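Contents: one structure, followed by commentary.
Numbering (full-length UniProt numbering), first residue to last: 1 to 1235.
Rendered as structure tokens:
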């Protein structure tokens, strides 16, 4: 509701509104008297409305505001429309007008159907039909099929059939859904070759693969496009087309390809599933171009071409035809140049236009001026053609007809009210064909008085040029003649006047013809001063004495030879000496090489890895440095900020520049520019950048999906560079490992001449939310040999670096932001807190000093300092871990571990396999435990591996533990990994425990959830880990306790869920019977409890067989139990208790019956298509159901059936009198008296 202060201004507007429409227009989008507000779009834009105005225009609004179940609140949510479309809907309701554009017409049409406004829907359809073109035909077709508009679909298909090539080249084709695409490919009237259709489907399938996030290889492209591929008529291709493109693409199966080749070259019959019937395009049905001229004859050159006026004609036809252009008269027996512009309009909308320049004075009487494309006109619709003709006076038509019929098509010409009106004839097309249509210009007798057209104004006197008296008199004389001629044209001209004009009165000066003999001529060449070529060659001249060239060499050298250019060479003075390097390209073996192996590579960190930062990292051991990523296009444009990234410090002994781009030409030119003007040792191509802005431009990681383009970039840059070329990449684009293509790309890089590849162990979609896959990096390193490959990702410590180098075959490591603090992390192990603070202070001071010599912007500097401060805090926290007191193991626990003798060692080497079940007994996963002998740093130990995985509520979860445990159960190394794959918010935890060579335990914990990642590093002295039992050593300790028992008051050291040191204890539970499969066995129970300081205690109950095998395991409070899947062979005859056999009832698994399952899928697809077709034909059903559910959820009635009866009762006046469903008993939703 508007404020009172707004009402006076509204009253002034009221006084000016004289009609009901004008008064309603004042209320449009006006808060005054508004009693409802619409919350439109995703942003919920608030738009005012008036219930009365809306209700009298739309049955839907009437039921919504005044029906039995009318809206109680003042806000109505409209989430399925854009603001612009909804505003035009309201504008039409208030003013009977709507401002339609190509962007909003389809949206307004949807709203008109939803709110039952047929007049607006018809207006939208007319506008869309008039705006149809090859670029938007498929977009309109998809909407028309969704709304069930058959006539609009027909018009769209006409455009597709006529302009198939342009339609398939439009952007809308790549976004087409499969159902519409299949209909397009199987049409019999499209005008396109089959090989062109295949190319279009190939492009569509590649785009569809990228949209679905899968790799665009032949198998995937065939899978997404199989429904449309079967309608391509491959037998109609030439054998060469099929062999070169289709067969090589892999889009067809081996059997399909073989059958088509047999069809081409075999003499026998071949069964084909592809059609061999040729298509019949619409344009091939055109028989000829027909003309329909309205005028019987034409008169002399009496039509004055006024450029200030636009001649127009209105016409209509009784059949749908295609108009191609018009024909206009030129001058007779008078040379002149004309410029003609034509427009085809429907009301005020321009449908087509065209332009032509032609000359008169030839034998051609009519000159065709064609539109840019033939345009389809509907029957019984009025169209206007405007003509703007510029040039000398021309002929005009006489004795015109008001209607002309040619071969069944009737043209009716309508009187036009605009100036310079013309009525013309036109060509008549055959039915359902594309033909020309041309119009003839009318006589000048219909020309009305001329007024300046809108937008044209006379020149003001102060801007007129001053001319001499002679020129002025001449101009006035010409103006007088022109005015006389104009007056003569406006009155009828008799034959006598024409004769006198020809004989007596002066006419326009004729144009000169023939050669211009008065033009200045160039001086003739004196051939007698030039030496004959035969004499130069030492031959006898064939012309002898008749030769006009000079034969005397001495005379030529003394008298006629031009002087020499001088003693010095002009090119030498300008360019210097030419060496071999200027003309000879270096061979590959002659180009500069760098030994990258076993070097530490500092990652080119965007916005962080600037020159001061690289100088700091060089102080701490970085071998190879690289600039921040620079965009090639910006470098070529001369961007100063981009060139500043390439500055190099003398301390950087191996320095490279990293480039990013998507165009081979710009990347090649930029590489050549860097080599010539920038002191770099190598150039790196970044195809791993995951930033959306870079990816959408086709650069960065997008190049991993554009192999052809990337190959052109590499080969072009390699050709112009004399220094090594390297590549930095990721594993792939998609999150799915099956789609990763780095291993294939690396094989190609060796062939293309790349000197080094660096692989980041994450994909583009993973960004930094997943752990780096070093197993995949190892596979790629083997495929890269002998080309060096560096690994990158999750190298968070010195131990990580050593571990990755030992366990993988990479040639070196690329390390990101942790490189500058890793040396400190090792160094602080032997220093106190004060030493750490002093070292950090010196570190920050050095960075600040180097930054003063190389200025940075404020955001970059603050970002780096925050990283340094964060790392400094980590150093301090790490130093504090050496002085903080921790939990300790009891003496009994230490003695118990020390008493384990060699006799027990071999009895622990066996495996267990358990099944994980829920409280309801349903299997949700499995768990496996394996123990085997191995060596760790030359010392014999156990390798314990436990893996548990499954799913709860369709969410994958799992835990894995890999531990190296000594004979006295001392943990040397353990990796503990947990994951919960929640959609859109996955959780991953990884904990690494390593015993360093100096006796220090380092604990690295990485936790990522969604897009966030946290890292925690802790260091402990070896003394604190006396009596420590990890998850891996716990599995061995429990197997030992089953036979040796558990002494009382025995406490061990362990980690809780936060990797904080705490205590753990064990307790025997006695013997119990456990069911394994169909057997009952005796088992010994063992209780383990983790006593966390910060959290509640956590307890596990485990039961073991007498041989040490784990029979069951349960965490108290979790509701999940792990049970041994079967009795081990060595335990069969020990203490097994057999039970009665029971008959197992096997449920019917109909999914495994291929026939039943196939029938089910066919019926499911049939019902889905039928239901979708019905929904498209009745868009009002979607609106009614949406409104009903909205009201139902807002009211939440107890009697849902009664509520539905009352809601849909408001539409009973529009329903048929006969009930839709026959009932044998009264409906519970209606009174019994109703039929």
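Using N, Cα and C, we set each Cβ at its ideal position, and we do this for glycine too. The model shown is predicted, which means the values in this text are computed figures rather than measured ones.
Residue pairing from DSSP places residue 397 in a beta bridge opposite 298.
Contact between residue 746 and residue 783 is confirmed by a C-beta separation of about 5 Å, below the 8 Å threshold. Less than 9 Å separates the beta-carbon of residue 739 from that of residue 213. With a cutoff of 9 Å on beta-carbon distance, residue 1040 and residue 900 are scored as near each other.
Boundaries of the beta strand (DSSP E) harbouring residue 1017: 1012 to 1021, taken from the DSSP string. In the three-state scheme derived from DSSP, where H, G and I count as helix and E and B as strand, residue 366 is classed as strand.
With respect to the C-alpha of residue 347, the residue from 314, 336, 374, 355 having the closest C-alpha is 314.
Spatial neighbours of residue 999 in its own chain (CB-CB distance under 8 Å, excluding positions within 5 residues in sequence) are listed in chain order as 1021, 1022. Distance from the Cα of residue 908 is smallest, within the candidate group 1189, 102, 1028, 1035, for 1035. Under the three-state reduction of DSSP output, residue 913 falls in the strand class. Counting only runs of 3+ residues, the beta strand (DSSP E) found wholly inside the UniProt domain "BTB" (34 to 102) occupies 36 to 40, 45 to 49, 75 to 78, in chain order. Excluding sequence positions up to five before and after residue 893, its CB lies within less than 7 Å of the CB of 1027, 1050, 1051, 1052, all in the same chain and listed in chain order. Taking one beta carbon from each stretch, the stretch 1097 to 1113 and the stretch 1082 to 1089 have 3 or more pairs nearer than 8 Å; the two touch. Taking C-beta atoms under 8 Å as the contact rule, residue 698 and residue 662 qualify, at a distance of about 4 Å. Around the CB of residue 760, 16 or more other CB atoms lie within 10 Å, so the residue is classed as buried.
DSSP places residue 896 in the uninterrupted alpha helix (DSSP H) bounded by 891 to 898. Distance from the CA atom of residue 259 to the CA atom of residue 770, rounded to whole angstroms, is 47 Å. Residue 1067 holds the alpha-carbon nearest to the alpha-carbon of residue 1044 among 1067, 24, 1032. Of all alpha-carbon atoms in 45, 326, 1169, the one lying nearest the alpha-carbon of residue 341 is that of 326.
Excluding sequence positions up to five before and after residue 317, its CB lies within less than 7 Å of the CB of 377, 379, 409, 410, 411, all in the same chain and listed in chain order. Annotation for residue 205: the continuous alpha helix (DSSP H) segment containing it runs 194 to 212. Looking at the DSSP output, residue 1100 shares a beta bridge with 1088, 1115.
In the structure shown, residue 1201 adopts helical secondary structure according to DSSP, grouped into three states. Counting C-beta atoms within 10 angstroms of its own C-beta, residue 923 has fewer than 16 neighbours from the protein chains shown and is therefore classed as exposed.
Each residue's CA atom was taken as its position, placing residue 1128 and residue 912 some 9 Å apart. Straight-line measurement puts the Cα of residue 992 at about 10 Å from the Cα of residue 1018.
Scanning 19, 52, 64 for the CA closest to the CA of residue 1206 turns up 64. In this structure, the beta-carbon distance from residue 234 to residue 186 does not fall below 9 Å. Taken atom to atom, the span from the alpha-carbon of residue 374 to that of residue 321 is near 10 Å. In this structure residue 569 is exposed. Its beta-carbon is surrounded by fewer than 16 other beta-carbon atoms within 10 angstroms. Separation of residue 1001 and residue 709 (C-alpha to C-alpha, rounded to the nearest whole angstrom) is 49 Å. Counting of Cβ neighbours within 10 angstroms places residue 1165 among the exposed residues, the total staying below 16. Rounded to the nearest angstrom, the Cβ distance from residue 141 to residue 180 is 6 Å, consistent with a contact under 8 Å.
In this structure residue 604 is in contact with residue 658, their Cβ atoms being roughly 5 Å apart against a cut-off of 8 Å. Boundaries of the alpha helix (DSSP H) around residue 694: 692 to 696. If the five residues before and after residue 898 are omitted, its C-beta is found closer than 7 Å to the C-beta atoms of 968, all from its own chain and listed in chain order.
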